[in-house]
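Let me begin by presenting the structure, written as structure tokens, before commenting on it.
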Amino acid sequence: MKWSQIPLGIMQTNCYIVENSEGDCLIFDPGSEGEKLISWLNERKLKPVAIMLTHAHFDHIGAVDVVRDFFNIPVYVHEKEKNWLSDPWLNGSDQFRIPHPVHAKPADCLLTKEEKMRFGPFEFMIYETPGHSPGSVSYYFEAAEFVVAGDALFRGSIGRTDLREGNHSQLLKSIHDKLLTLPEETTVLPGHGPATTIADEMDGNPFLNGF
99 MKWSQIPLGI MQTNCYIVEN SEGDCLIFDP GSEGEKLISW LNERKLKPVA IMLTHAHFDH
159 IGAVDVVRDF FNIPVYVHEK EKNWLSDPWL NGSDQFRIPH PVHAKPADCL LTKEEKMRFG
219 PFEFMIYETP GHSPGSVSYY FEAAEFVVAG DALFRGSIGR TDLREGNHSQ LLKSIHDKLL
279 TLPEETTVLP GHGPATTIAD EMDGNPFLNG F
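Just so you know, the sequence shown maps onto residues 99 to 309 in our numbering.
Given below as structure tokens:
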């Protein structure tokens with residue numbers, strides 16, 4: 099199993115493609131430029147089976163409908179953000195200078211708890227990691243030693259908490275209790291910027307020192 103990082107849109111939001119040796123793949127956070135993403139997938143003859151959202155801020159959901167409709171696949175989001183895809187006030191697109199507010203159709207499936215999930219050939223753990231937003235989740239692939247963390251944890255930084263329903267202390271608790279407890283060699287795939295590891299953030303992230 100391997101992952102690919104594809105920065106998309108004006109916010110350079112990281113979309114991740116997780117694929118197996120048979121060419122099946124999961125799409126995480128198709129934030130923008132849907133046609134570009136579709137072309138990337140088709141060029142590699144990959145077969146998407148689902149879209150998994152770490153959260154529903156506009157820069158993570160902008161291409162959801164284009165990609166979902168093209169491949170006819172379901173979209174998953176946490177139940178606490180079930181209304182965010184269609185509401186620019188909630189997903190934040192009304193606060194930023196973008197050409198058009200983001201309206202997406204509702205998710206097909208809602209995540210309701212922390213659990214191990216098997217989707218076709220893929221198996222991963224869902225962790226609730228709120229703070230950046232109330233329904234933020236992280237997807238941990240234990241066997242492949244990586245976690246798709248959305249905007250919870252970055253290289254040398256953490257997610258912002260000044261957007262709708264953000265909570266700084268809750269975010270720090272999520273990082274400490276859910277992410278920093280993963281094996282230190284785990285690769286962290288953040289919503290923006292380069293990948294990092296749990297070990298590197300435990301040792302050098304200034305936002306986590308002394309927590």
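Even glycine gets a Cβ: it sits at the ideal position worked out from N, Cα and C.
Could you please give the first and the last residue of the uninterrupted beta strand (DSSP E) stretch that includes residue 150?
-> 145 to 150
Is residue 240 near residue 283, with beta carbons less than 9 Å apart?
-> no
Could you tell me if residue 120 is buried or exposed, where buried requires 16 or more neighbouring beta carbons within 10 angstroms of its beta carbon?
-> exposed
Going straight from the alpha carbon of residue 125 to that of residue 301, what length do you get?
-> 30 Å
Span separating the alpha-carbon of residue 288 from that of residue 303 | 14 Å
What does DSSP give as the partner residues of residue 208 in its beta bridges?
-> Under DSSP, residue 208 takes part in a beta bridge, and its partners are 175.
As assigned by DSSP and simplified to three states, the class of residue 193 = coil
The beta strand (DSSP E) with residue 310 in it runs from where to where?
-> An answer regarding residue 310 cannot be provided, because it is not within the stretch 99 to 309 covered by the chain.
Under the assumption that residue 130 contacts residue 114 (Cβ atoms under 8 Å), give the Cβ distance between them as a whole number of angstroms.
-> About 14 Å separates the beta carbon of residue 130 from that of residue 114, a gap too long to meet the 8 Å contact definition.
Quick one: what's residue 288 bridged to in DSSP?
-> Note: residue 288 sits in a beta bridge opposite 248.
In chain order, what residues of the same chain lie with their CB nearer than 8 Å to the CB of residue 147, ignoring the 5 residues before and after it?
-> 122, 123, 124, 171, 217, 218 and 220
Taking 9 Å as the CB-CB limit, is residue 114 close to chain B?
-> Among the chains in the structure shown there is no chain B, since it carries only a single protein chain.
Whole-angstrom C-beta distance between residue 267 and residue 152, which should lie under 8 Å = Wrong, their Cβ atoms sit about 20 Å apart, outside the cutoff.
Can you name the start and end residues of the alpha helix (DSSP H) that residue 156 belongs to?
-> Its alpha helix (DSSP H) spans residues 156 to 159.
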